[in-house]
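Protein chains in written order, with this note's numbering: chain A, 739 to 999; chain B, 70 to 263; chain C, 70 to 263. What follows is a set of notes on a single structure, which appears directly below.
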């Protein structure tokens, strides 16, 4: 199997054919590149396979500059990833310097400084190919569908169990189908607001009208007060509640929007 | 297409379906329009083919489906006995949307899922006590707003919704690439054809 | 019981099952003990009976099940509103490492891939039921050891790990050529590419 033919990176669904010979990647493409490559090993492997680079022929100065540009661009986004690229840059420089420096004759068992890097690259490439082959196997639910016919039930129904992971899995399916990634960045904070939105609506169902202050529970701390206020604002924005005040300093009343009519 | 081949396709599609399939939808299986009558004739033939089996093809109000014959029920229950039932993907997605986007109307859910949400899905979740109506949106039709309940949190072992897996983490594990078969370089890399 | 009647029951039970059914459990369908060999013979016959259909009977790691043939995928998909997620490369590479190097810790995976493995990747695979924790390595932090599950084999249509696609032998395609500016002994001492 020729490694050069192996699928490589993909940018916006288009296969990435080649990098500019000088390795320069425009800064606005950096993020795309980072998504296309899964770490420094992947990038190195790509360079070697696609550009026919011998690891040793890589001009260290431009490569290092390129790596440092990555690090700079990534600093705000993902420090961990930046560190990995930086480590690899340092490793490449170390290898190169060790090769250039005059050395005393090596003991026979001492390894070529490149050997460890090559070993890692090969091991990674092997797993990368294995992952592609696994992905090519017919997968239940994606390529083949298990048959499970309906049975008329007479006995008492047993209720399905649901785990938190099942919810995550369900959302994953939704994301994949609807390409929702861009529209729904839900953070934990937003989720807590949503939880309080439901809570407020539930209370207003019981009481019809509540005074603004009654919706707040100071005993639960400042964070909950803030979240409750955000929930009220969000509910008002979605016109789910009416907030009224007859005059300045008069009590503020909150009620369900439809109950107001 | 030969009738035998059309029946072969209908059979597989109906066996794999998770709910009864309306006639019109079965027509979508074929690139050329077979016509309702021809389709119905094929289905009747298929039903006849299965008449001696312990599984039958039935025509219900909501469409066609294969099901085990009533007399098989005690036998097949033996195999299902210890196996916990599972909610369909449609139910799980609806639940996930209500959990993450509450309060949400049925329209919100349909927008996100891109398909209709049947009343039975909402009923299943309401019947379980996992969702309830917490209000109505002030838009035409005054649709009900659904939210998750305390029972939902209890049954999933959660203290609050904040303990749900964050969505941005989930998003990272999903790829939106086209299927590999559609890619031009698939030909270059031989082992990709599943 | 006549073999035809036994096959009729096996067929209905397997078509109705929600998960692959082990041979022993299939035996419980019959009041008298048929014996494993007879049962296996019946199943092989049943598989043969279905060989021309668009649905096939397969023998997976945890048992027997009916499923659609891969070539039916586009047609079945037309009737399904739900599309399962395709996993990202990061998820698939993590899965491959666990499958081929199991049991493996998160650290093992990170070393091999050269990048961090986020918790969400592990969760995606655990949530799917494809991997689980089989122990802890006796090193500082006692990291969890992950292995693939039976469900993983079932879902990929495999009977055992031995049926995984063999790893490509790629050691030969990257060679350590002598560096252009290198010292003579670099060429003289053959590199040990492990």
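Don't be surprised by glycine CBs; every beta carbon is placed ideally from N, CA and C.
### Query
On the three-state DSSP scale, how would you describe residue 119 of chain B?
Position 50 of the second chain, counted from the start, is the residue given in the question as residue 119 of chain B. In the structure shown, residue 119 of chain B sits in coil (DSSP, three-state: anything other than H, G, I, E or B).
### Task
Express the C-alpha separation of residue 900 of chain A and residue 880 of chain A in angstroms, rounding to a whole number.
Position 142 of the first chain, counted from the first residue, corresponds to residue 880 of chain A. Position 162 of the first chain, counted from the first residue, corresponds to residue 900 of chain A. In a straight line, the C-alpha of residue 880 of chain A is about 21 Å away from that of residue 900 of chain A.
### Three CB pairs or more closer than 8 Å across the segment 97-107 of chain C and the segment 73-81 of chain C
yes
### Query
At a cut of 8 Å, does the segment 903-917 of chain A reach the segment 186-202 of chain B through at least three beta carbon pairs?
no
### Message
Quick check: the Cα distance between residue 142 of chain B and residue 87 of chain C, rounded to an integer number of angstroms?
### Response
Here the question's residue 142 of chain B lines up with position 73 in the second chain. Here the question's residue 87 of chain C lines up with position 18 in the third chain. For residue 142 of chain B and residue 87 of chain C, the distance between alpha carbons rounds to 14 Å.
### Task
Closer than 8 Å by beta-carbon distance: list the chain A residues that pair up with residue 197 of chain B, in chain order.
Position 128 of the second chain, counted from the start, is the residue given in the question as residue 197 of chain B. Within 8 Å Cβ-Cβ: 897.
### Task
Give the interface partners of residue 75 of chain C over in chain B, defined as CB-CB distance under 9 Å, in chain order.
For the purposes of this step, residue 75 of chain C is taken as the residue at position 6 of the third chain. Within chain B, no residue comes near residue 75 of chain C; the closest Cβ sits about 11 Å away, beyond 9 Å.
### Query
Is residue 919 of chain A close to chain C, meaning its C-beta is less than 9 Å from at least one C-beta of that chain?
Taking the first residue of the first chain as 1, we reach residue 919 of chain A at position 181. For residue 919 of chain A, the pLDDT reaches just 47, beneath the cut-off of 50, and the residue's location in the model is therefore unreliable, although a value from the coordinates is still provided. Not closer than 9 Å to any Cβ of chain C, the Cβ of residue 919 of chain A fails to qualify, so no.
### Query
Given a threshold of 16 other Cβ atoms within 10 Å of its Cβ, counted over all protein chains shown, does residue 203 of chain B qualify as buried or as exposed?
What you label residue 203 of chain B is simply residue 134 of the second chain in a count that begins at 1. That one is buried.
#### Entry: Supposed close pair residue 215 of chain B, residue 173 of chain B - CB separation, criterion 8 Å
Numbered from its first residue, the second chain carries residue 215 of chain B at position 146. Numbered from its first residue, the second chain carries residue 173 of chain B at position 104. Sure, about 6 Å apart at Cβ, within 8 Å.
### Message
Could you pull the DSSP bridge partners for residue 217 of chain B from this structure?
### Response
Walking along the second chain from the start, residue 217 of chain B turns up at place 148. Its beta-bridge partners are B/200.
### Query
Mind checking if residue 166 of chain C is an interface residue toward chain A, Cβ cutoff 9 Å exclusive?
Residue 166 of chain C sits at position 97 when you count from the first residue of the third chain. Answer yes: the Cβ-Cβ gap between residue 166 of chain C and chain A drops below 9 Å somewhere.
### Task
Report the residue ranges of all beta strand (DSSP E) runs contained in full by the segment 82-141 of chain C; include only those spanning at least 3 residues, in chain order.
124-129, 132-137
### Task
Look at residue 229 of chain B and residue 930 of chain A and say whether their C-beta atoms are less than 9 Å apart.
Start at 1 with the first residue of the second chain, and residue 229 of chain B comes out as number 160. Start at 1 with the first residue of the first chain, and residue 930 of chain A comes out as number 192. Cβ atoms of residue 229 of chain B and residue 930 of chain A: closer than 9 Å.
### Task
Check the C-beta distance from residue 212 of chain C over to residue 219 of chain C and give it rounded, since I have them as a contact under 8 Å.
For this step, residue 212 of chain C is matched to residue 143 along the third chain. For this step, residue 219 of chain C is matched to residue 150 along the third chain. Not confirmed; about 23 Å, so no contact.
### Query
Which residues of chain B have a Cβ atom closer than 8 Å to the Cβ of residue 84 of chain C, listed in chain order?
For the purposes of this step, residue 84 of chain C is taken as residue 15 along the third chain, with counting starting at 1. Those are 84, 124, 135, 137, listed as they occur along chain B.
### Query
Counting Cβ pairs, one atom from each stretch, are 3 or more of them under 8 Å apart for the segment 857-870 of chain A and the segment 116-133 of chain B?
no
#### Entry: Extent of the continuous alpha helix (DSSP H) run through residue 167 of chain C
One-based indexing of the third chain puts residue 167 of chain C at position 98. Per DSSP, residue 167 of chain C belongs to the alpha helix (DSSP H) from 158-170.
### Message
In this structure, how does DSSP classify residue 761 of chain A when only helix, strand and coil are distinguished?
### Response
Position 23 of the first chain, counted from the first residue, corresponds to residue 761 of chain A. For residue 761 of chain A, the pLDDT reaches just 47, beneath the cut-off of 50, and the residue's location in the model is therefore unreliable, although a value from the coordinates is still provided. Of the three classes helix, strand and coil, the one that applies to residue 761 of chain A here is coil, per DSSP.
### Query
Per DSSP, what kind of secondary structure is residue 784 of chain A in: helix, strand or coil?
To locate residue 784 of chain A, count along the first chain from 1; it is residue 46. In the structure shown, residue 784 of chain A sits in a helix (DSSP, three-state: H, G or I).
### Query
Can you list, in chain order, the residues of its chain whose CB lies under 8 Å from that of residue 131 of chain C, leaving out five sequence neighbours each side?
Residue 131 of chain C sits at position 62 when you count from the first residue of the third chain. Around residue 131 of chain C: 88, 89, 91, 219, 220, 222, 223.
### Query
Would you report the Cα separation of residue 150 of chain C and residue 184 of chain B, rounded to the nearest angstrom?
The sequence position of residue 150 of chain C within the third chain is 81, counting from 1. The sequence position of residue 184 of chain B within the second chain is 115, counting from 1. Roughly 7 Å between the two C-alpha positions.
### Query
Identify the residues that DSSP records as bridge partners of residue 173 of chain B: which are they?
Position 104 of the second chain, counting from 1, holds the residue named residue 173 of chain B. Answer is B/215, bridged to residue 173 of chain B.
### Message
Let's see if you can read the secondary structure: which residues bound the beta strand (DSSP E) around residue 948 of chain A?
### Response
Mapped onto the first chain, residue 948 of chain A falls at position 210. Unbroken beta strand (DSSP E) run through residue 948 of chain A: 947-949.
### Query
Would you say residue 182 of chain C reaches chain A, if we count a Cβ-Cβ gap shorter than 9 Å as a contact?
Position 113 of the third chain holds residue 182 of chain C. Closer than 9 Å to some Cβ of chain A, the Cβ of residue 182 of chain C qualifies, so yes.
#### Entry: Close-in-space but distant-in-sequence residues of the same chain around residue 983 of chain A (CB under 8 Å, 5 per side omitted)
Sequence index remark: in the first chain, residue 983 of chain A carries index 245 (1-based). Taken in chain order, the residues that qualify are 989, 990, 991.
### Query
What distance in whole Å lies between the Cβ atoms of residue 134 of chain C and residue 124 of chain C, which are believed to be in contact at a cut-off of 8 Å?
If you number the third chain from 1, residue 124 of chain C lands on position 55. If you number the third chain from 1, residue 134 of chain C lands on position 65. The pair is not a contact, with the Cβ atoms about 10 Å apart (cut-off 8 Å).
### Task
Output yes if chain A places a C-beta closer than 9 Å to the C-beta of residue 239 of chain B; else output no.
As a position in the second chain, residue 239 of chain B is number 170, starting the count at 1. At least one chain A Cβ lies under 9 Å of residue 239 of chain B.
### Task
Return yes when the Cβ of residue 165 of chain C is within less than 9 Å of the Cβ of residue 241 of chain B, no when it is not.
Start at 1 with the first residue of the second chain, and residue 241 of chain B comes out as number 172. Start at 1 with the first residue of the third chain, and residue 165 of chain C comes out as number 96. Not a contact, by the Cβ cut-off of 9 Å.
### Query
Going by beta carbon distance, what residues of the same chain come within less than 7 Å of residue 176 of chain C, once the five residues before and after it are set aside?
Taking the first residue of the third chain as 1, we reach residue 176 of chain C at position 107. These residues qualify, in order along the chain: 212.
### Task
Could you pull out every residue in the same chain whose Cβ sits closer than 8 Å to the Cβ of residue 163 of chain C, ignoring the five residues on either side in sequence?
Counting from one through the third chain, the residue named residue 163 of chain C turns up at place 94. If we look at residue 163 of chain C and ignore the five residues flanking it on each side, its Cβ neighbours are 178, 182, 186, 190, 191, 194.
### Message
Taking the straight line between their C-alpha atoms, what separation do you get for residue 154 of chain B and residue 146 of chain B?
### Response
In the second chain, residue 154 of chain B corresponds to position 85, counting from 1. In the second chain, residue 146 of chain B corresponds to position 77, counting from 1. If you take the alpha carbons of residue 154 of chain B and residue 146 of chain B, they lie about 12 Å apart.
### Query
Hey, does residue 207 of chain B have any beta-carbon neighbour from chain A nearer than 9 Å?
As a working mapping, residue 207 of chain B is identified with position 138 in the second chain. Yes - at least one Cβ of chain A is within 9 Å of the one on residue 207 of chain B.
### Query
Name the chain B residues whose beta carbon is nearer than 8 Å to that of residue 933 of chain A?
Stepping through the first chain from its first residue, residue 933 of chain A is reached at position 195. Within 8 Å Cβ-Cβ: 171, 229, 230, 231.
### Message
What would DSSP say about residue 953 of chain A, mapped onto helix, strand or coil?
### Response
Indexing the first chain from 1 puts residue 953 of chain A at position 215. Helix.
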